[in-house]
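Below: one structure, written as structure tokens.
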Amino acid sequence: MTEIVRKLTKQDLNDFWEIVVTASGEGHSRDYKAGRVQWFETILDEYNDFGYYGLFRDEILLGGMAIIDFRMNLLCSSLIEVGGVGMIHVDLLHKKEKVCRNMMLYFMELILGKGKNMVVLSPFNVDFYKKMGFGYGTKIHEFRVLPASFPKGSSRENLVHLNVEDKQLFIDCYKRFQAKTHGFLNQTWFGLQDIFGSQKRIVAYKKDDVIHGYIVFDFQAKDLIVEEIIFETREALSELCTFLNAQSDQINRIIFRSHLEQAHFLFTDPTNGLNSLPLETNVDGIGMMYRIINVQGIFEDLSNHNFNDQSCIVKISIRDTLLPSNNGSTIIQFQNGRSTRAEYDSFQVEINLDISDGFLKIYIRSHSISHFGQVECDFFMMSQYLQSQKVHLGVVDFADFIRVK
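Note that the sequence shown covers residues 2 to 406 in this note's numbering.
As structure tokens, this is what we get:
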């Protein structure tokens with residue numbers, strides 16, 4: 002019995018779609034299948050940073066996945082290359098035969114061979130990927146608020162609808178935002194196709210032929226779903242919120258997702274209407290999961306990052322049972338906040354971790370603001386600060402964003 006993982010060809014896509022359908026229940030009609038297979042073929046033709054891969058046992062396809070090359074802003078110090086994986090499906094007849102595990106091992110070894118040091122995914126089974134060494138990223142907070150809960154500003158005069166002719170201005174805005182936002186991935190070709198080639202709407206703040214913010218949204222029954230919101234200026238945020246505030250005549254609730262834990266400060270009423278006690282504001286969910294596949298390499302990626310001006314020598318010992326090349330110890334010297342690999346064996350601090358512990362994290366602690374009495378939170382200022390390079394491995398004092406009335 003021979004087992005290999007290889008890149009799928011167009012001839013394999015029909016078999017791959019059958020696995021996707023049975024594993025996820027995503028549409029069985031002949032026309033729908035033909036459309037999806039054609040879409041897969043288009044992606045293979047148009048997008049060089051993307052590939053479908055499958056595990057074959059005795060030349061029979063048992064599972065497949067999509068592997069994507071991303072560029073990610075890491076700690077606002079570097080734009081690093083990372084590997085992404087998605088659409089991981091296994092034939093129902095071959096579950097619990099380590100098909101997914103072996104595909105994931107192939108994926109990580111493939112990305113490691115490209116000289117990349119981190120991989121990312123959006124999990125379907127959190128427990129499985131935790132055991133594979135992936136750690137949690139920032140949680141997603143989903144709000145279901147009334148339109149009138151968005152702050153109403155004094156103007157909407159710079160808001161416009163975007164279409165395909167505005168794509169480059171849209172991309173430029175996204176790139177500027179990515180450049181100053183930790184964890185942001187680059188846009189993908191098929192992601193842009195999904196935005197501009199579907200029924201989704203885009204409203205943008207455009208001034209002097211430059212887009213400084215936008216929202217991508219869709220409708221679901223009587224609700225408006227904000228798929229993405231980006232803003233570079235306080236004025237852009239104000240006008241976009243004023244637009245959402247004005248939709249109360251036709252919209253029941255606006256579904257709004259954010260990675261910012263303090264997002265409820267944006268709304269005049271962040272509750273979701275359940276009227277339970279305590280009053281529920283949002284539902285939290287697991288966001289992206291991340292795995293470092295080369296500890297030494299990730300510190301090379303962060304050679305320009307300032308770790309709080311600290312000077313010390315740290316031995317980092319990682320238990321990684323899946324990737325032998327990543328299992329072991331690395332000694333990192335921090336000099337005035339800059340990290341380099343030490344060429345000697347002595348150290349001052351030793352850290353022993355399992356790879357899934359996610360040792361490269363940003364810790365943010367908010368101070369209690371209850372003693373401020375009646376306060377007003379500057380949401381724009383707070384969001385800009387949190388996404389900027391000012392947030393390292395230290396402490397953020399939210400008193401910076403509070404104005405006593």
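Every residue, glycine too, gets a C-beta built ideally from N, C-alpha and C.
{"Item": "Return the residue from the list S79, T139 and P148 that minimises the CA-CA distance to N246.", "Value": "P148"}
{"Item": "Contact between the stretch 118-132 and the stretch 225-233 is defined here as three or more beta-carbon pairs at a separation below 8 Å; is this criterion met?", "Value": "no"}
{"Item": "Would you call the CB atoms of L275 and S79 closer than 8 Å?", "Value": "no"}
{"Item": "Cβ of D321 within 8 Å of Cβ of G338?", "Value": "no"}
{"Item": "CA-CA distance, R58 and T10?", "Value": "16 Å"}
{"Item": "Does the beta-carbon of V211 have 16 or more other beta-carbons within 10 angstroms, so that it is buried, or is it exposed?", "Value": "exposed"}
{"Item": "Does the stretch 188-200 come within contact of the stretch 40-50, defined as at least 3 CB pairs closer than 8 Å?", "Value": "yes"}
{"Item": "Spatial neighbours of F185 within its chain, please: CB distance less than 6 Å, with the 5 preceding and 5 following residues excluded, ordered by chain position.", "Value": "N74 and Q179"}
{"Item": "With 16 other CB atoms within 10 Å as the buried threshold, where does R254 fall?", "Value": "buried"}
{"Item": "Of the residues G288, D195 and F151, which one's Cα is nearest the Cα of W40?", "Value": "D195"}
{"Item": "Return the chain-ordered list of same chain residues with a C-beta closer than 6 Å to the C-beta of G374, the five sequence neighbours on each side being excluded.", "Value": "Residue confidence for G374 is low, a pLDDT of 30 falling below 50, so the modelled location carries little weight and cannot support an answer."}
{"Item": "Using a Cβ-Cβ cut-off of 8 Å (strictly less than) and excluding sequence neighbours within five positions of V6, which residues of its own chain qualify?", "Value": "Y54, G55, L56, F57, N103, M104 and Y107"}
{"Item": "Going by beta-carbon coordinates alone, are E236 and R177 separated by less than 8 Å?", "Value": "no"}
{"Item": "Comparing C-alpha positions only, which one of Y345, K140, D355 and S312 sits nearest to N328?", "Value": "D355"}
{"Item": "Would you be able to state if there are at least three C-beta pairs under 8 Å between the stretch 136-153 and the stretch 215-222?", "Value": "no"}
{"Item": "Can you list, in chain order, the residues of its chain whose CB lies under 7 Å from that of I44, leaving out five sequence neighbours each side?", "Value": "F51 and F191"}
{"Item": "Would you report the Cα separation of A24 and K181, rounded to the nearest angstrom?", "Value": "38 Å"}
{"Item": "Using a Cβ-Cβ cutoff of less than 7 Å, which residues in the same chain neighbour D13 once the five nearest sequence positions on both sides are dropped?", "Value": "G55 and L62"}
{"Item": "Check the DSSP bridge columns for T23 and list the partner residues they point to.", "Value": "Partner(s): none; T23 has no beta bridge."}
{"Item": "If contacts are defined as beta-carbon pairs under 8 Å, then Q248 and L225 qualify, I think. What distance do you get, rounded to the angstrom?", "Value": "6 Å"}
{"Item": "Does the distance from the CB of F335 to the CB of F308 come in under 8 Å?", "Value": "yes"}
{"Item": "Tell me where the beta strand (DSSP E) around N283 begins and ends.", "Value": "N283 to G286"}
{"Item": "If you run the structure through DSSP and keep just helix, strand and coil, what is H265?", "Value": "helix"}
{"Item": "Please list, in chain order, all residues of the same chain as R37 whose beta carbon is under 7 Å from its beta carbon, the five residues on each side excluded.", "Value": "W18"}
{"Item": "Counting only the same chain and skipping the five closest in sequence on each side, list residues whose C-beta sits under 6 Å from that of D346.", "Value": "none"}
{"Item": "Thinking E240 and R157 are a contact (beta carbons under 8 Å), I'd like their distance in whole angstroms, please.", "Value": "5 Å"}
{"Item": "Going along the chain, which residues of its own chain have a beta-carbon closer than 6 Å to the beta-carbon of S259, five neighbours each way excluded?", "Value": "H142"}
{"Item": "Would DSSP call C77 helix, strand or coil?", "Value": "coil"}
{"Item": "On a Cα-Cα basis, can you pick out the residue from I287, F135, S340 and N305 that is closest to C77?", "Value": "N305"}
{"Item": "State the start and end residues of the unbroken alpha helix (DSSP H) segment that holds V100.", "Value": "V100 to G114"}
{"Item": "Is the beta carbon of D121 less than 8 Å from the beta carbon of F71?", "Value": "It is worth fixing the name first, because residue 121 is Val in this sequence and not Asp. Yes, the pair counts as a contact, with Cβ atoms nearer than the cut-off."}
{"Item": "Quick check on the DSSP output: the alpha helix (DSSP H) that includes K131 runs from which residue to which?", "Value": "V127 to K132"}
{"Item": "Using only the alpha-carbon positions, how far apart do F129 and K99 sit?", "Value": "11 Å"}
{"Item": "On the three-state DSSP scale, how would you describe I252?", "Value": "coil"}
{"Item": "For R145, which residues of its own chain have a beta-carbon under 6 Å away from its beta-carbon, when the five flanking residues on both sides are left out?", "Value": "R254, I256 and N273"}
{"Item": "What's the C-alpha gap between C174 and Y206?", "Value": "10 Å"}
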